[in-house]
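For the record, the sequence lines run as chains A and B.
In terms of the working numbering, the first sequence has 1357 at position 41, counting the first letter as 1, and numbering is strictly consecutive.
In terms of the working numbering, the second sequence has 38 at position 20, counting the first letter as 1, and numbering is strictly consecutive.
We put the beta carbon where it would ideally sit given N, CA and C, even for glycine.
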Amino acid sequence: DIQMTQSPSSLTASVGDRVTITCRASQSISRNLNWYQQKAGKAPKLLIYDASSLQSGVPSRFSGSGSGTDFTLTISSLQPADFATYFCQESYSPPWTFGQGTKVEIK
Amino acid sequence: QVQLQESGPGLVKPSQTLSLTCTVSGGSVSSGGHYWSWIRQHPGKGLEWIGYIYYSGSTYYNPSLKSRVTISIDTSKNQFSLKLSSVTAADTAVYYCARVVVGTTSFDYWGQGTLVTVSS
């Protein structure tokens, strides 16, 4: 199985901050990487697919980049609605695996 | 708007079989561009992909659960189902059903999730 490692595990930020979350794969996965946002008690929501494509309806302050083993999710200006946990997911080969999550908390 | 809804018992006894159904509305499980999948999340933990089924009936299971998992589909009811046998307390989790886009293998629509507790 491909192991996905996110960093940091949690971070504290203020509204308006630029936030970056990193995801590293245990082997090259090309650009087969998706990002999700999960709020407490809710199902995950797809934000980014294929490393950098914005899912329909997702605000443009979210962006993704990377290829191979190293990927980044960036929130350009953090909004109150963005405080949540973020997961990456490799879509290179099944069994598809997720990172352990990054919790974004309010400073 | 596609919607998915899980249903099934919230409490299962150890060694028994967990059974859940996902009902899809606003879309068809017979659409060729999607897989239909189950994912679980242990309390306070990350996400674990369980497996998927295609409208044709072909399946792929996570090897870690393969010996205990069966996913089936009922196109006439627009539903797909999960059975997990010989459950233990380690199978206590929130279970989600989700739609998977075949081209990107991204989970674009999810059910709200249902907590299944394994306890006597």
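Helix, strand or coil at residue i [DSSP, three-state]
i: Ala1400/A; result: coil
i: Ala107/B; result: helix
i: Asp1386/A; result: strand
i: Asp126/B; result: strand
i: Tyr12/B; result: Here chain B has residues from 19 to 138 only, and residue 12/B is not among them.
i: Ser37/B; result: strand
i: Thr93/B; result: coil
Spatial distance of residue i from residue j (CA atoms)
i: Ser1435/A; j: Ser1381/A; result: Beyond the ends of chain A as shown, which are 1317 and 1423, falls residue 1435/A; an answer cannot be given.
i: Gln1353/A; j: Gly51/B; result: 24 Å
i: Thr35/B; j: Thr41/B; result: 20 Å
i: Ser1369/A; j: Phe1399/A; result: 21 Å
i: Ser76/B; j: Pro1360/A; result: 25 Å
i: Leu1363/A; j: Arg1377/A; result: 11 Å
i: Ser85/B; j: Pro1411/A; result: 14 Å
i: Ala1341/A; j: Asp1366/A; result: 14 Å
Counted within 10 angstroms of its Cβ, other Cβ atoms place residue i as buried (16 or more) or exposed
i: Leu29/B; result: exposed
i: Val1331/A; result: exposed
i: Val136/B; result: buried
i: Thr93/B; result: exposed
i: Val120/B; result: exposed
- request: Could you please tell me which residues of the region 57-71 of chain B, in chain order, have their CB closer than 7 Å to any CB of chain A?
  value: Gly64, Leu65 and Trp67
- prompt: Is the region 103-117 of chain B in contact with the region 57-66 of chain B, if contact means three or more CB pairs nearer than 8 Å?
  reply: yes
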